[in-house]
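See below for the structure under consideration.
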Amino acid sequence: MQQQGQRTPIESGCPDGFQYMHPLMRKNYGNWAYHEDPRPGVLKHTAHGGEAIYTVRAGTQRILDVFTLRKLCDIGDQYAEGYVRLTIRSNIEYMVADGSKVEPLIDALEKEGFVVGGTKNSVAMISHTQGWLHCDIPGTDASGVVKSMMDELIDEFKNWNMPNRVHITTSCCQINCGGQGDIAINIQHTKPPKINHDLVANICERPSVVARCPVAAIRPALVNGKPSLEVDEKKCICCGACYPPCTPMQINDPEHTKL
Ligand code: SF4
Ligand code: SF4
404 MQQQGQRTPI ESGCPDGFQY MHPLMRKNYG NWAYHEDPRP GVLKHTAHGG EAIYTVRAGT
464 QRILDVFTLR KLCDIGDQYA EGYVRLTIRS NIEYMVADGS KVEPLIDALE KEGFVVGGTK
524 NSVAMISHTQ GWLHCDIPGT DASGVVKSMM DELIDEFKNW NMPNRVHITT SCCQINCGGQ
584 GDIAINIQHT KPPKINHDLV ANICERPSVV ARCPVAAIRP ALVNGKPSLE VDEKKCICCG
644 ACYPPCTPMQ INDPEHTKL
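For reference, each letter of the sequence shown is one residue, going 404 to 662 in this note's numbering.
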């Protein structure tokens, strides 16, 4: 339902963000003069009228369980001013108008194991596609790779060591629905699917499988007198998109599917 002063809700899209904004941000919307970087993981925005707000940024694991979310919100209530936002790169940001709250807030986050950083010339949190959760294509996933890479890059996230800001993305197939960054990492199978021809005719809707291939590498074929499929291995990019509609297109195997 529309609240007073908010835009009318629409069928698609997120709700009016103003209702969740820190009041000082709402007040100075469109009126910010400049920002500074007092320390890694902290931004200070100053409005033309002189009011300032601090943003403290911490990385999260992106797939947040309810206990972690509650913990992050409790920290926001206790050490910040009750306002948070999540960024496209899975960071949580706390906004505080009182600068004396910044250090205790960082201490509270770090005590609970959250890492503060990702601003200015650091390595930002890696953004990634989420195959296992919402997509029927992947035989692999980007999230686990991100976790292991960020474990390695934790000092580059926490400090200003880089010549410039670095954005890294990972994607869990070659269709690469989310891979826009300075460095894009594609996690891929390393061989074309191996077809179990005995099963194709019984299990697969062949035209759907042919249509599914992003590079038109699949053709109908007769194998051992049975309707089946064949793959042009020169064209195949090993994306795995043909596997969900037709499990006899075996793309996973212990030898070739590994990081
Ligand atoms: S990168 Fe590929 S597998 Fe991963 S979510 Fe996007 S389309 Fe699906
Ligand atoms: S794995 Fe190869 S054959 Fe299958 S959909 Fe991807 S490109 Fe096409």
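Just so it is clear, CB atoms sit at the ideal spot from N, CA and C, and this is done for glycine as well. If you're wondering where the values come from, they're calculated on a predicted model, not measured in any experiment.
Burial state of residue i (16 or more Cβ within 10 Å)
i       : result
Met-553 : buried
Ser-551 : exposed
Ile-654 : buried
Met-404 : Confidence at Met-404 is low in this model, with a pLDDT of 47, below 50, so its placement is unreliable and the value that follows should be read with caution. Exposed, by the Cβ-count rule.
Asn-434 : exposed
Ile-466 : exposed
Ile-586 : exposed
His-425 : buried
Pro-507 : exposed
Thr-573 : buried
His-532 : The sequence shown places Thr at residue 532, rather than the His named in the question. Thr-532 should be labelled buried.
Val-499 : buried
Glu-484 : buried
Ser-530 : buried
Ile-571 : buried
Limits of the beta strand (DSSP E) - the one that residue i falls within
i       : result
Gly-634 : Correcting the residue type first, residue 634 is Val in the shown sequence and not Gly. Val-634 -> beta strand (DSSP E) spans 629-634.
Val-445 : 445-450
Glu-513 : Premise fails: Glu-513 lies in the alpha helix (DSSP H), 505-514, not in any beta strand (DSSP E).
First through last residue of the alpha helix (DSSP H) which encompasses residue i
i       : result
Val-399 : Past the edges of the chain, shown from 404 to 662, lies residue 399, and the structure says nothing about it.
Trp-535 : 534-537
Q. Any chance the region 560-568 sits against the region 507-525, with 3 or more Cβ pairs inside 8 Å?
A. The region 560-568, when compared against the region 507-525, does touch it at the 8 Å Cβ threshold.
Q. Taking one C-beta from the region 573-585 and one from the region 597-608 each time, how about it: are there three or more such pairs within less than 8 Å?
A. No, they do not touch.
Q: Quick one: which unbroken beta strand (DSSP E) runs of 3-plus residues sit fully inside the region 459-503? Chain order, please.
A: Complete beta strand (DSSP E) runs here, min 3: 487-489 and 494-499.
Q.
I need the residues with a C-beta less than 5 Å from some heavy atom of ligand 1; please give them in chain order.
A. Summarising the contact set, residues whose Cβ lies nearer than 5 Å to any heavy atom of ligand 1 are, in chain order, Thr-532, Gly-534, Cys-538, Ile-540, Pro-541, Ser-574, Cys-575, Cys-576, Ile-578 and Cys-580.
Q) Curious, which full-length alpha helix (DSSP H) runs of at least 4 residues does the region 576-627 contain? A) Runs of the alpha helix (DSSP H) spanning 4 or more residues and lying entirely within the region 576-627 occur at 600-606 and 609-615, in chain order.
Q.
If contact is defined by three or more beta carbon pairs under 8 Å, each pair taking one atom from either stretch, is the region 524-538 in contact with the region 470-489?
A. Touching, no.
Q: State whether the region 437-446 contacts the region 456-465, with contact taken as three or more CB pairs (one from each stretch) at a distance under 8 Å.
A: Touching, yes, given that three or more Cβ pairs across the two stretches are closer than 8 Å.
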